[in-house]
Structure formats: C-alpha cells, structure tokens
Amino acid sequence: MSLRTISPSQKAGILAEALPYVRGFHGKTFVIKYGGNAMTDPTLKAAFAGDIALLRLVGMNPVVVHGGGPQINELLDTMGVDAVFRRGMRVTDEQTMKVVEMVLGELNQEIVGLINQHGGKAVGLNGQDGHFIHARKMLLPPDEGETEAMGPGLVGDIERIDADLINILSARGYIPVIMPIGVGPDGEPYNLNSDLVAGKLAETLGAEKLLLLTNTRGVLDREGRLLDCITAADIERLCQDGTIHGGMLPKLEAALHAVRHGVRSAYVVDGRVPNALLLEVLTNEGVGTTILPDDAPHFLADSRRFLEPISNEMGDS
Ligand code: ADP
Ligand code: MG
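Using the working numbering, the first residue of the sequence shown is number 490, and each one after it goes up by one.
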C-alpha cells in the first residue's frame, strides 16, 4: 500500500501509532546489520538511509554495520583472482585483503553519504579506528592429513569491542557506520563476518534491538513457512536439524548470543520491503522473524502463537 492511496485519517493513525514507540525507545541503541538487496537497489538504499536518519532525529541511537561479500566477489572476479575456500571461508591473502578493504571502504563512504543526504550525521568507521574492534586470527581444525590447525589467512574472530568510540559518537548525535574489519594484537587487519560484528556490538553496547536486514522474508521452517517469533533455544534446535544453514547461520549465531547477553530482542528483517526498519521499530507490524531470549516475558511471547502449542498460552497472567 502506497501512502498516496491512503486517506489523511489513515496517515494520521499511522503516525499516532508510532508515538508510544518513539517515547519508549528514546535514547535507546539499535544495531542494524545492513546487507542484501537493501544495499544494491537504489530505491531501497534511499529508503534505508532515510529510515536511519529518521530514527536518529526522533531520539534513538542507530548504529549501522554493513557487509559487502557480493561486491568483493565481483571485483575479485573481474581481477581474475582465483577464489580458494577452506571450510566455507574465503582464504584471504594480503592481495585479497587489499581488495576487501578497498571495496568495504568505498561502500562505507557511499552509505555515509546517503545517510547524510537524508539529514543524518553519519561517520564511517573501520575497526582499526581507535583500535576499537579487537580480533585474532581464525584457526580452523586440521583437515585430513594435516597435523596443525590452519587459518583461512587474514580472516579473524572477534575478541572484543571497545564501546567508547561508538558511545562518544552516539552521545554527540552522530550515526556510526561500521565496516567489518578488526585489528590483531600486532596491528594487523582482519576481515570479519559482519553479522557477528553486529551481534557483538549489540551485546557490548547493551542495545535495545539487533536488526539483521537480509533478502528473505525472515527465518523459514523446513516447509518454507515464515517463523514469526523464535527463542534462542529454538535456534539451537533449528541449527542442529539443518533447517538453518549457509548465510543464515552467522546471523542467528549473532542473534542467539545477543539475546542471551542482554539485548532484549533481535530481528531477521526482510530488507526487500521499503522502510522495513521503520515498520519494525515504530509500528505494530513486523517484517520478518523476532528472536527473543529463552525467558522472554509473556507479553513479548504473545506473538509466538505460531510456534507454541495452544495449551502453553493458557494460565500465564
Ligand atoms: P546477507 O547478504 O543478508 O548476509 P546471506 O545470503 O548471507 O544474506 O544469508 C541469507 C540466506 O540464508 C538466505 O537467502 C537463504 O538462502 C539462507 N538460509 C539458510 N537457511 C535459512 C532459513 N532457515 N530461513 C531463511 N533463510 C535461510
Ligand atoms: Mg551473509
């Protein structure tokens, strides 16, 4: 439904619906992983930038983390660099790392520019700035015939994130836009998974919500039906039985960890829906899957009715 096709009173109703959310979330931090189509389609990109600027202007603290895998692959292909993978991770030598840093840097500046055009004050950051994302070399278990654990090169695991730099920027009204590069003990850069950076940031900042924008309707069950709301324990089950695989794995690992470490809720959001962020944060409409801690209060768990047997909904008051 386009805003042009609804009546003025319906528009007023939508705005009025946002008020309790604007009040309730004032001063709260939202970590948003930006990826998928929302990062390539010009209309969706502009809508995303506008949503981020608006959330900031009404008093929330959005923090953006972006990926860039498809764009990195594209440039490596045109350069004729052979892709070597180890257990699903791209082996990242120094030459590949230069390409990674270049592509991420360019994307970062583009996102910063777009948010600024929409009235926000975005600041682009790399985990090396102020040494704020600490990483260590990722090691993978030895393959057959090997005795030592080997890494995929300059790919890192996140050790910890210092919240200071982000808190200072947010407190002054800036919107941090972060690319997934961390720094090792000797100052060497590491390529990180952006879903995991977003999750760790949400946890470190004590964020209200972690929102993971992607190209699917949300988390789907084996039959391809949307799971409206799941808990951390549901995620463990869905990973074990293979329902969740591929690119959804790091997202839900990030979400699970975040909600078990103080983040109130996480969302896998359909980034193909224009203004998906506003819908998720400021209205009663969800556009994806909600992920809650295992002990979520009953009022939050209401929307879990699609997962829970009806008898479990009774008796709680
Ligand atoms: P992004 O670019 O946003 O990080 P990814 O492609 O890495 O997106 O991850 C999203 C993909 O995860 C989906 O397009 C889908 O192919 C895959 N996926 C695996 N399991 C599921 C699931 N249970 N529900 C939804 N998507 C899933
Ligand atoms: Mg991905």
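Ideal Cβ positions, reconstructed from N, Cα and C, are used throughout, including at glycine.
Around the Cβ of Met568, a 10 Å sphere holds fewer than 16 other Cβ atoms; the residue is exposed.
Leaving aside the five residues that flank Leu771 on each side, the residues in its chain whose CB is nearer than 6 Å to its CB run, in chain order, Ala507, Tyr510. Residues His607 of the same chain have their beta carbon placed closer than 7 Å to that of Gly539, with the five preceding and five following residues left out of the count. Around the beta carbon of Leu533, 16 or more other beta carbons lie within 10 angstroms, which makes this residue buried. Here Ile495 is exposed. Its C-beta has fewer than 16 other C-beta atoms within 10 Å.
From the listed residues Leu690, Gly645, Thr778, the smallest Cα separation to Asp710 is found for Thr778.
A direct Cα-to-Cα measurement between Lys500 and Asn764 gives close to 15 Å.
When DSSP states are grouped into helix, strand and coil, Val580 belongs to the coil group. The region 624-662 is shown to contain whole beta strand (DSSP E) runs of 3 or more residues at 645-650, in chain order. Per the Cβ contact rule, the region 559-566 is not in contact with the region 619-633 (fewer than 3 Cβ pairs under 8 Å). In the three-state scheme derived from DSSP, where H, G and I count as helix and E and B as strand, Pro665 is classed as strand. Leu614 and Asn605 have their C-alpha atoms some 15 Å from each other.
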